[in-house]
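Chemist: One structure, as structure tokens, below. Some questions next.
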Amino acid sequence: MRYDPMNPTTLDLFADAELEQRPRRDQIGEQSYVLRGFALPWLERVLPALQTVLAAAPFRQMVTPGGFTMSVALSSCGTLGWTTDPRGYRYTHHDPQTGQPWPTMPEVFFELAQAAARAAGFADFVPDSCLINRYIPGAKMSLHQDKDEKSYAAPIVSVSLGLPAMFLFGGFERSEKSQRVPLLHGDIVVWGGVDRLRFHGVLPIKEGQHPRMGEQRINFTFRTAG
Ligand code: SIN
Ligand code: FE2
Numbered sequence: 002m003r004y005d006p007m008n009p010t011t012l013d014l015f016a017d018a019e020l021e022q023r024p025r026r027d028q029i030g031e032q033s034y035v036l037r038g039f040a041l042p043w044l045e046r047v048l049p050a051l052q053t054v055l056a057a058a059p060f061r062q063m064v065t066p067g068g069f070t071m072s073v074a075l076s077s078c079g080t081l082g083w084t085t086d087p088r089g090y091r092y093t094h095h096d097p098q099t100g101q102p103w104p105t106m107p108e109v110f111f112e113l114a115q116a117a118a119r120a121a122g123f124a125d126f127v128p129d130s131c132l133i134n135r136y137i138p139g140a141k142m143s144l145h146q147d148k149d150e151k152s153y154a155a156p157i158v159s160v161s162l163g164l165p166a167m168f169l170f171g172g173f174e175r176s177e178k179s180q181r182v183p184l185l186h187g188d189i190v191v192w193g194g195v196d197r198l199r200f201h202g203v204l205p206i207k208e209g210q211h212p213r214m215g216e217q218r219i220n221f222t223f224r225t226a227g
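Going left to right, the sequence shown walks through residues 2 to 227 as our numbering numbers them.
Now the structure itself:
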């Protein structure tokens, strides 16, 4: 039976409602996607778990090998945590501030990252690291590649919470022009495969108050590091 838009059947109406509810997936590269609002249904479980992680490993500002203090404050959970100091960028098993192992990655973080990777075409993503970035208004992330991981086989899964951000998604050279991708609370960007080493960054966060998260943007970056 042909679908007649002027005379929809009950079944067609259900199909339309389902289409509207299905989260939008925007393709920004050959193997790169923005999953709009993907994290929203998970947040009731994610936010309390985040508080537990931060109680054990509070946000702190780190210094780059070039001697600059990053405007973004960092924490981590998982077997490996990304750190930077004047000696270089690397992953460590321990939080250099407390000397303790990084907090265990909460189950719900792992499940969310895996579900997002799958929705972007990457089956069986097994992240062992979740970098937690905190941006206050004015904080930014300069264009960079994620290159400190042992292998580039696994994708990057990047979750945005709180204040909006303008994500820059570039090419394989720093000088290449970047796409500007607006990111909102609950959006997830996934890039991997042929796009795994694309340059990316975040423009300075604008002043604002997010009803749920306050005056900040929090980003989780899930990776297979080891
Ligand atoms: C990063 O690349 O480390 C962070 C990206 C983001 O905050 O969206
Ligand atoms: Fe990155």
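Note that beta-carbon positions come from the ideal geometry of N, C-alpha and C, so glycine has one too.
1) With DSSP as the reference, identify every bridge partner of Gln180, one or two as the case may be.
2) Does at least one heavy atom of the ligand SIN sit under 7 angstroms from the Cβ of His201?
3) Is the CB-CB distance between Gly193 and Tyr92 below 8 angstroms?
4) Between the beta-carbon of Val160 and the beta-carbon of Phe221, is there less than 8 angstroms?
5) Pro102 bridges to which residues according to DSSP?
6) Following a CB-centred definition, is Asp147 positioned closer than 7 angstroms to any heavy atom of the ligand FE2?
7) Thinking just about the alpha-carbon of each residue, which of Lys141, Ser76, Trp43 is nearest to the one in Thr53?
8) Count the other CB atoms within 10 Å of the CB of Leu184; is the residue buried (16 or more) or exposed (fewer)?
9) State the Cα-Cα distance for the pair Gly209 and Ala58, rounded to the nearest angstrom.
10) State buried or exposed for Leu204, treating a residue as buried only when at least 16 other CB atoms are found within 10 Å of its CB.
11) As a quick exercise: from His186, Val195, Phe223, Phe200, pick the residue whose alpha carbon is nearest that of Glu216.
12) Taking C-alpha atoms, which residue in Thr99, Thr105, Phe69, Val73 lies nearest to Gly89?
13) Pairing CB atoms from the segment 114-125 with CB atoms from the segment 35-49, are three or more of them under 8 angstroms?
14) Are there any heavy atoms of the ligand FE2 lying less than 7 angstroms away from the beta-carbon of Thr84, as far as the coordinates show?
15) Tell me whether Thr99, by its Cβ, gets closer than 7 angstroms to a heavy atom of the ligand FE2.
16) Less than 8 angstroms between the C-beta atoms of Phe223 and His145, yes or no?
17) First and last residue of the alpha helix (DSSP H) that includes Val54?
18) What are the boundary residues of the alpha helix (DSSP H) that includes Phe110?
19) What do you reckon, is the C-beta of Thr222 under 7 angstroms from a heavy atom of the ligand FE2?
20) Compute the distance between the beta-carbons of Phe110 and Pro156, then report whether it is under 8 angstroms.
Modeler: The short version:
1) Stepping through the sequence shown from its first residue, residue 180 is reached at position 179. Answer is Phe170, bridged to Gln180.
2) Residue 201 sits at position 200 when you count from the first residue of the sequence shown. Result yes, Cβ under 7 angstroms from the ligand SIN.
3) Looking up residue 193 in the sequence shown gives position 192. Looking up residue 92 in the sequence shown gives position 91. No, they are not a contact pair.
4) As a first step, residue 160 is located in the sequence shown; it is residue number 159 there, counting from the start. As a first step, residue 221 is located in the sequence shown; it is residue number 220 there, counting from the start. Yes, these two residues count as a Cβ contact at 8 angstroms.
5) If you number the sequence shown from 1, residue 102 lands on position 101. Answer is His95.
6) Looking up residue 147 in the sequence shown gives position 146. Checking the Cβ of Asp147 against the ligand FE2 gives yes.
7) What you label residue 53 is simply residue 52 of the sequence shown in a count that begins at 1. Here the closest residue by C-alpha is Ser76.
8) As a first step, residue 184 is located in the sequence shown; it is residue number 183 there, counting from the start. That one is buried.
9) Within the sequence shown, residue 209 is the residue found at index 208, counting from 1. Within the sequence shown, residue 58 is the residue found at index 57, counting from 1. Going from the Cα of Gly209 to the Cα of Ala58 covers about 26 angstroms.
10) Here residue 204 corresponds to residue number 203 of the sequence shown, with the count starting at 1. Under this definition Leu204 is an exposed residue.
11) Translated into positions along the sequence shown, residue 216 becomes position 215. The residue with the shortest Cα to Cα distance from Glu216 is His186.
12) Indexing the sequence shown from 1 puts residue 89 at position 88. Nearest option by C-alpha distance: Phe69.
13) yes
14) Along the sequence shown, read from residue 1 onward, the residue named residue 84 stands at position 83. Result no, Cβ not under 7 angstroms from the ligand FE2.
15) Position 98 of the sequence shown holds residue 99. False, no ligand heavy atom lies under 7 angstroms from that Cβ.
16) In the sequence shown, counting from the first residue as 1, residue 223 sits at position 222. In the sequence shown, counting from the first residue as 1, residue 145 sits at position 144. No, Cβ-Cβ distance for Phe223 and His145 is not below 8 angstroms.
17) As a first step, residue 54 must be located in the sequence shown, where it is residue number 53. Where Val54 is concerned, the enclosing alpha helix (DSSP H) stretches over 44-57.
18) The residue you call residue 110 lines up with position 109 of the sequence shown. Note, Phe110: alpha helix (DSSP H), 108-120.
19) Taking the first residue of the sequence shown as 1, we reach residue 222 at position 221. At least one heavy atom of the ligand FE2 is nearer than 7 angstroms to the Cβ of Thr222, so yes.
20) Position 109 of the sequence shown, counted from the start, is the residue given in the question as residue 110. Position 155 of the sequence shown, counted from the start, is the residue given in the question as residue 156. No. Outside cutoff.
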